[in-house]
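**Q** I have a structure I would like to understand better, so I am pasting it below and will then ask my questions one at a time.
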Amino acid sequence: MTDDTPVPIDPSDASQLVAEVGEPSSPDGRTRVTLHRDGRLVVQWERSAPQDPKQGRERERREEAGELGQDPQAVFERASRFLWDQDFPTRPGLPDEAILVWQLGGADDRRTATVKVWLEDAEGDPSMAPVLQALREGTARLTGGDVYL
0 MTDDTPVPID
10 PSDASQLVAE
20 VGEPSSPDGR
30 TRVTLHRDGR
40 LVVQWERSAP
50 QDPKQGRERE
60 RREEAGELGQ
70 DPQAVFERAS
80 RFLWDQDFPT
90 RPGLPDEAIL
100 VWQLGGADDR
110 RTATVKVWLE
120 DAEGDPSMAP
130 VLQALREGTA
140 RLTGGDVYL
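Positions 0 to 148 (numbering that gives the first Met the number 0) are the ones given, in order, by the sequence shown.
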């Protein structure tokens, strides 16, 4: 999942890195973590919770913001090594296996590189795993461990 193929945008021009996993309708909901170039970390979580059958589903939402707690430039550098142009893996997923969507955005927000991977594959990838771990640590710190990435 990593090599020396350049990311479609200049990594030094990237203003944010986004990791998103889950779906609002799933029991764990959807988590979206955005790391800004200046080290600011924003964690957004939402879930559609069952409510009265006549009224449909109610949305639960939470957002926390703070600092990553480590060098954001190192995280962006590692993220620039992802294979941004790879296709989604063809292997079948395990039941309820999560899909992780990475996005690296340009400063003008018109150029964004996106890649989807199985979460388990990202956890074992030499370049993605440290980036994922850094974002997980920041997420846990900001949410008191209540939100999972």
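Just so you know, even glycine gets a beta-carbon here, dropped at the ideal spot from N, CA and C.
(1) Can you tell me whether S79 is buried or exposed? The criterion is at least 16 other CB atoms within 10 Å of its CB, across all chains shown.
(2) What are the start and end residues of the alpha helix (DSSP H) that includes A139?
(3) Is there contact here, the segment 87–94 with the segment 60–75, by at least three beta-carbon pairs under 8 Å?
(4) Quick check on L67: does DSSP put it in helix, strand or coil?
(5) Going by DSSP, name the residue or residues bridged to E122.
(6) Considering just the uninterrupted stretch of the beta strand (DSSP E) at Q15, what are its terminal residues?
(7) Whole angstroms are fine: how far does the CA of L103 sit from the CA of T142?
(8) Which same chain residues end up closer than 6 Å to V116 when comparing Cβ atoms and leaving out the 5 residues on each side of it in sequence?
(9) Cutting at 6 Å between CB atoms, please list the residues of its own chain near E19, excluding the five before and the five after it.
(10) Three-state secondary structure (DSSP) at Q72?
(11) Using CA coordinates, which residue listed in G144, D70, E45 and D86 is at the minimum distance from L164?
(12) Assuming the contact rule is C-beta atoms closer than 8 Å, E136 and G65 should be a hit. Round their C-beta distance to whole Å, please.
(13) Decide if T113 is buried, meaning its Cβ has at least 16 other Cβ atoms within 10 Å, or exposed.
(14) Bridge partners of A48, per DSSP?
**A** Put simply:
(1) buried
(2) M127 to T142
(3) no
(4) coil
(5) In DSSP, E122 forms no bridge with anything.
(6) A13 to G21
(7) 23 Å
(8) L99
(9) R31 and V100
(10) helix
(11) Outside the shown range of the chain (0 to 148) lies residue 164, about which nothing can therefore be said.
(12) 12 Å between Cβ atoms; not a contact.
(13) exposed
(14) E57
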